[in-house]
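Chemist: Handing you this structure, nothing more for now.
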Amino acid sequence: MHCLRPHTIFDLLDENEKLATIPLPGKHSLTSMLERAILTALVKLGRPETIFEFGTYIGETTTLLALNSKATVFTVDLDEITAKTPLDDFEKKNFATGRQGEKMFHGLAEAGRIKELHGDSTTMDLSRFTGQIDFILIDGGHHIDVVASDTEQAFKMLRGGKRGFIVWHDYKNPRYEITGFLDRLSRDIALYHVEETTYVFYCTVPSDLKAITTWETGGRHTT
Numbered sequence: 635m636h637c638l639r640p641h642t643i644f645d646l647l648d649e650n651e652k653l654a655t656i657p658l659p660g661k662h663s664l665t666s667m668l669e670r671a672i673l674t675a676l677v678k679l680g681r682p683e684t685i686f687e688f689g690t691y692i693g694e695t696t697t698l699l700a701l702n703s704k705a706t707v708f709t710v711d712l713d714e715i716t717a718k719t720p721l722d723d724f725e726k727k728n729f730a731t732g733r734q735g736e737k738m739f740h741g742l743a744e745a746g747r748i749k750e751l752h753g754d755s756t757t758m759d760l761s762r763f764t765g766q767i768d769f770i771l772i773d774g775g776h777h778i779d780v781v782a783s784d785t786e787q788a789f790k791m792l793r794g795g796k797r798g799f800i801v802w803h804d805y806k807n808p809r810y811e812i813t814g815f816l817d818r819l820s821r822d823i824a825l826y827h828v829e830e831t832t833y834v835f836y837c838t839v840p841s842d843l844k845a846i847t848t849w850e851t852g853g854r855h856t857t
């Protein structure tokens with residue numbers, strides 16, 4: 635696993651790309667301001683035409699992605715009826731309180747570019763997105779089987795021929811098994827952890843990133 639300091643991501647942006655619109659965290663937010671800034675920087679670097687998000691929740695990252703790109707944003711979230719995969723305690727609580735229905739982007743001008751999908755991502759037919767998506771955020775179900783399935787789907791979706799990103803949330807979150815999964819995946823492909831965040835990402839054109847990698851897990855320096 636390669637590691638990057640946050641400022642090195644920001645430094646890749648052109649000066650005119652460093653202005654951004656970032657929703658402020660609320661009571662039920664799950665991402666820090668730094669994480670929001672990193673996600674914004676990555677989507678600006680990718681300049682995607684299409685975005686796919688696994689896990690809408692209350693739509694904060696959905697809104698952020700739409701506000702800082704011109705892309706069509708597809709976002710999929712479970713509904714309680716079609717859920718076939720194991721739910722963690724957090725997901726059960728969301729359904730119990732009705733929080734899944736609250737979406738930040740409802741009523742915004744950008745909502746016209748946001749396409750909501752409802753269902754279980756592990757059983758849905760997502761074949762129409764194969765090779766069609768430029769930027770993918772994986773932050774849905776956190777059971778290891780769900781993460782593995784969403785990751786497999788993400789690599790099928792990713793469009794070739796331009797800079798594309800897959801981003802995972804909750805790396806190093808002790809509540810989930812995502813850390814081990816991504817560490818194992820990093821043995822086969824180049825993955826980058828942004829320090830001080832729980833984001834890991836894959837880039838189809840990593841040449842810009844090799845020069846700014848600070849170190850790899852295990853302490854071996856690469857610069």
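Plus 634 on top of the position in the sequence shown (first one is 1) and you've got our numbering.
Backbone N, C-alpha and C fix where the C-beta goes; we use that ideal spot for every residue, glycine too.
1. By the 10 Å Cβ neighbour count, where 16 or more other Cβ atoms means buried, how is G741 classified, buried or exposed?
2. Can you tell me where the alpha helix (DSSP H) with E649 in it begins and where it stops?
3. Taking the alpha helix (DSSP H) that E694 belongs to, which residues open and close that run?
4. S820: which of D773, Y810, I770, F835 sits nearest, CA to CA?
5. Please state whether the Cβ-Cβ distance between F708 and K678 is less than 8 Å.
6. Is it right to say H827 is buried, meaning 16 or more other beta carbons lie within 10 angstroms of its own, or is it exposed?
7. Per DSSP, which residues does Y858 bridge with? Please list them.
8. Alpha carbons only, please: which of D711, A671, D713 is nearest the one belonging to L699?
9. Quick one: using the 10 Å Cβ neighbour count with 16 as the cut-off for buried, is A730 buried or exposed?
10. Does the beta-carbon of V839 have 16 or more other beta-carbons within 10 angstroms, so that it is buried, or is it exposed?
11. Do the CB positions of D784 and F688 come within less than 8 Å of each other?
Modeler: On the basis of the data shown:
1. exposed
2. Run containing E649: none; DSSP gives neither H nor E here.
3. 694-701
4. F835
5. no
6. buried
7. Residue 858 lies beyond the residue range present for the chain, which begins at 635 and ends at 857; the question has no answer from this structure.
8. A671
9. Note that A730 has pLDDT 41, beneath the 50 cutoff, so the model's placement of it is unreliable and no number is given.
10. exposed
11. yes
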